[in-house]
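Reading through the structure tokens given below for one structure.
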Amino acid sequence: MRTVAALLMMLAAQAVSAATAREQLDTFAKGLRSLSGSFQQTVFDANDKPGKETRGTLALEAPRQFRWDVSKPYAQHIIADGMHVWIYDPDLEQVTVRNQGIEESHSPLTVLTDLSQLDREYVATEAGERDGAQWLRLKSKAKEADFEYAELGFTTAGLTRMVFKDTLGNRTEIQFSDWKRNAPVTPGTFTFKPPAGVDVIGEVKPEAEVHPVKD
Numbered sequence: 100m101r102t103v104a105a106l107l108m109m110l111a112a113q114a115v116s117a118a119t120a121r122e123q124l125d126t127f128a129k130g131l132r133s134l135s136g137s138f139q140q141t142v143f144d145a146n147d148k149p150g151k152e153t154r155g156t157l158a159l160e161a162p163r164q165f166r167w168d169v170s171k172p173y174a175q176h177i178i179a180d181g182m183h184v185w186i187y188d189p190d191l192e193q194v195t196v197r198n199q200g201i202e203e204s205h206s207p208l209t210v211l212t213d214l215s216q217l218d219r220e221y222v223a224t225e226a227g228e229r230d231g232a233q234w235l236r237l238k239s240k241a242k243e244a245d246f247e248y249a250e251l252g253f254t255t256a257g258l259t260r261m262v263f264k265d266t267l268g269n270r271t272e273i274q275f276s277d278w279k280r281n282a283p284v285t286p287g288t289f290t291f292k293p294p295a296g297v298d299v300i301g302e303v304k305p306e307a308e309v310h311p312v313k314d
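In the numbering used here, each residue's number is its place in the sequence shown (first place is 1) plus 99.
Printed below as a string of structure tokens:
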């Protein structure tokens, strides 16, 4: 009986590993309205030399709301409210704001809550298996993309890793953990008001390319 159970477990594991990365993305994103978790990020230069490691938390909510909070080694907050993207550096007492339509090209994570964006804005190809994960490579269709490609790595736990390579040859590797799917989002998570006294760079004004949040 134990042998039969072990065989069934092996067959199940093989069935999971046989799924393509795109199929795993579809499964992970199915019914997904909001997502939150933790991240650990390392940037490697063009010579593959690692820089400082950063850690923090992130949250997404359909259709285009996003929050990225770095806690170590320094604080930084990136909030996409559906109209604009705010980048707040407390140590510098500085806020940068831009239209979200521009910033979205930097954030392949938004495909998790809007799979229609994947085929609309990216060319997706299977990148094979490595490091125990199935990888999906995304290349932006934009004429002047800010990254060469991004890769999403999936295991039986869902999305566990992401890799970016920018146009200068730098590579960013991100590991995800503690995912919470469709959990209630704290009010105000995706809104931002610049603190008094900080410098604000950029303007808050609607433009044609901005994607407003829909009810």
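Even glycine gets a Cβ: it sits at the ideal position worked out from N, Cα and C.
Who are the near neighbours of residue i in its chain, counting only those whose CB is closer than 6 Å to its CB and skipping five residues on each side?
i    : result
H205 : Residue placement at H205 is poorly supported in this model, since its pLDDT is 49, which falls under 50; the coordinates still yield a value, given next. These residues qualify, in order along the chain: D245.
I273 : F138, Q140 and M261
W167 : L157 and I177
Q175 : V169 and D188
D277 : G136 and S137
Which residues does DSSP pair with residue i in a beta bridge?
i    : result
N281 : Its beta-bridge partners do not exist; DSSP assigns none.
L159 : L134 and F165
F263 : A249 and T271
P189 : In the DSSP output, where bridge partners are listed per residue, P189 has none listed.
F143 : P149 and R270
R197 : V184
V222 : K238
E228 : Q233
S276 : S137
By alpha-carbon positions, which one of the options ends up nearest to residue i?
i    : options                   : result
V297 : F165, Y187, H183 and L134 : Y187
R219 : A118, T209 and K240       : K240
M182 : A174, T212, G200 and A128 : G200
K292 : R236, A226, W185 and G150 : W185
R154 : F143, D147 and Y173       : Y173
D230 : F253, G301, R280 and F143 : F253
A128 : Q216, P149, P189 and Q193 : Q216
A295 : E192, E302, K279 and K238 : E192
Y221 : Q233, L237, A232 and D277 : L237
V142 : T271, G287 and K279       : T271
A118 : P149, Q233 and G130       : Q233
CB residue i to CB residue j, shorter than 9 Å?
i    : j    : result
L214 : L124 : yes
E250 : F263 : yes
A282 : S135 : yes
A161 : T126 : no
A120 : A256 : no
T259 : F275 : yes
V210 : I300 : no
Within the same chain, show all residues whose beta-carbon is closer than 7 Å to that of residue i, passing over the 5 residues directly before and after it, in chain order.
i    : result
A145 : L267, G268 and N269
K151 : P172
L235 : A120, R121, L124, A223, E225, A226, E250 and L251
V303 : H183 and V196
E247 : K264, D265 and T266
With a threshold of 8 Å on Cβ separation, who are the neighbours of residue i within its own chain once the five nearest residues in sequence on each side are excluded?
i    : result
D180 : Q164, Q199, F289, T290, F291 and V312
R132 : E160, A161, T212 and N281
D190 : Y173 and A174
Verify the contact flag: residue i, CB atom, against every heavy atom of the ligand ADP, threshold strictly below 8 Å.
i    : result
V303 : Only the bare structure without any ligand can be found here, which leaves the ligand ADP out of the picture.
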